[in-house]
Amino acid sequence: MSDPSAYTYPSPLAGYENAAPLPDERAEDGKSFRNPETGVLSSAYDKFIDPLENGRRGAFDIHVYYFQSNAEQTKYARELWERIRREFPELRIYTLWDKPVGPHPVAMFEVNLFTPAQFGAFIPWLAIWRGPLSALVHPNTSDKDDLSPGAREARNHTQRAIWMGERYPIDTGLFKRFG
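The UniProt record's numbering applies: residue 1 is where the sequence shown begins, and numbers increase by one.
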């Protein structure tokens with residue numbers, strides 16, 4: 001995992017500096033809070049926020065890992081790969097690799113997500129259907145920061161990553177070749 005102290009983080013409250021205080025009133029469940037109604041949904045429902053890619057590359061990559069020497073996992077991975085292609089034909093689904101490739105330590109296949117709706121549908125679906133396999137969900141961010149392309153990829157694959165199942169070590173040394 002990348003060291004979070006190596007990065008800067010803008011305040012999550014940027015743009016809300018002069019907002020009215022939030023109410024302390026609890027909702028009917030007695031645990032959650034009532035939030036002020038604005039009548040407008042966040043734009044994040046329609047378009048990924050900056051610096052996420054909203055173009056051809058897609059905002060998120062999902063790498064589904066399996067141990068290529070494990071016959072049961074290999075069979076499950078092939079079946080899952082086929083199911084995803086049938087159920088989500090609008091997604092970009094890559095080769096089912098039978099060996100480690102790039103920075104990934106075991107066999108895998110990759111799926112790209114392009115919209116918040118695809119993310120909202122596919123990630124919960126994968127949480128149920130990934131079975132014995134692990135998945136790395138990482139963002140693809142644009143160059144709207146001061147990082148080199150290699151440092152950006154390393155951060156996306158580590159500090160900004162989301163894991164389902166067991167975490168695998170990613171060979172971030174490969175990203176140093178990007179600059």
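Note that CB positions come from ideal geometry on N, CA and C, so glycine has one too.
Classification of residue i by the beta-carbon crowding that lies within 10 angstroms, buried from 16 upward
{"i": "phenylalanine 109", "result": "buried"}
{"i": "aspartate 61", "result": "buried"}
{"i": "arginine 177", "result": "exposed"}
{"i": "proline 116", "result": "buried"}
{"i": "asparagine 18", "result": "exposed"}
{"i": "glycine 58", "result": "buried"}
{"i": "arginine 130", "result": "buried"}
{"i": "proline 21", "result": "exposed"}
{"i": "glutamate 153", "result": "buried"}
{"i": "leucine 13", "result": "exposed"}
{"i": "alanine 151", "result": "buried"}
{"i": "valine 111", "result": "buried"}
Opposing strand residues paired with residue i [DSSP bridges]
{"i": "proline 139", "result": "Phe60"}
{"i": "arginine 26", "result": "Phe33"}
{"i": "leucine 52", "result": "Thr141"}
{"i": "tyrosine 65", "result": "Met108 and Ser134"}
{"i": "tryptophan 81", "result": "DSSP, once it has assigned bridges, lists no residue as partnering tryptophan 81."}
Option nearest residue i by Cα separation, candidates the options
{"i": "phenylalanine 95", "options": "Glu82, Phe88 and Pro105", "result": "Looking at the sequence provided, one finds threonine at residue 95 rather than phenylalanine. When each option's Cα is compared against that of threonine 95, the closest is Glu82."}
{"i": "aspartate 3", "options": "Arg160, Gly102, Asp171 and Asn35", "result": "Arg160"}
{"i": "glutamate 87", "options": "Pro100, Ala151, Phe33 and Phe122", "result": "Phe122"}
{"i": "arginine 56", "options": "Ala44, Leu91, Gly39 and Pro23", "result": "Leu91"}
{"i": "serine 142", "options": "Asp50, Asn35, Phe33 and Gly15", "result": "Asp50"}
{"i": "alanine 44", "options": "Ala71, Gly120 and Val111", "result": "Gly120"}
{"i": "valine 101", "options": "Ala27, Ile162 and Ile170", "result": "Ile170"}
{"i": "aspartate 146", "options": "Arg155, Pro23 and Phe67", "result": "Arg155"}
{"i": "alanine 71", "options": "Asp98, Leu41 and Val111", "result": "Asp98"}
{"i": "proline 139", "options": "Ser11, Pro12, Asn54 and Asn35", "result": "Asn54"}
{"i": "alanine 127", "options": "Arg85, Asp24 and Ile162", "result": "Ile162"}
{"i": "valine 64", "options": "Phe48, Pro89 and Ile93", "result": "Ile93"}
List, from N- to C-terminal side, the beta strand (DSSP E) runs of 3 residues or more that fit wholly inside the region 92-161.
Correct list: 107-113 and 134-139.
Is it true that the region 125-144 meets the region 164-176, where meeting means three or more beta-carbon pairs spaced less than 8 Å apart?
Touching, yes, given that three or more Cβ pairs across the two stretches are closer than 8 Å.
Inter-stretch contact (C-beta, 8 Å, three-pair minimum) for the region 7-15 and the region 66-82:
Output reads no: the region 66-82 does not touch the region 7-15.
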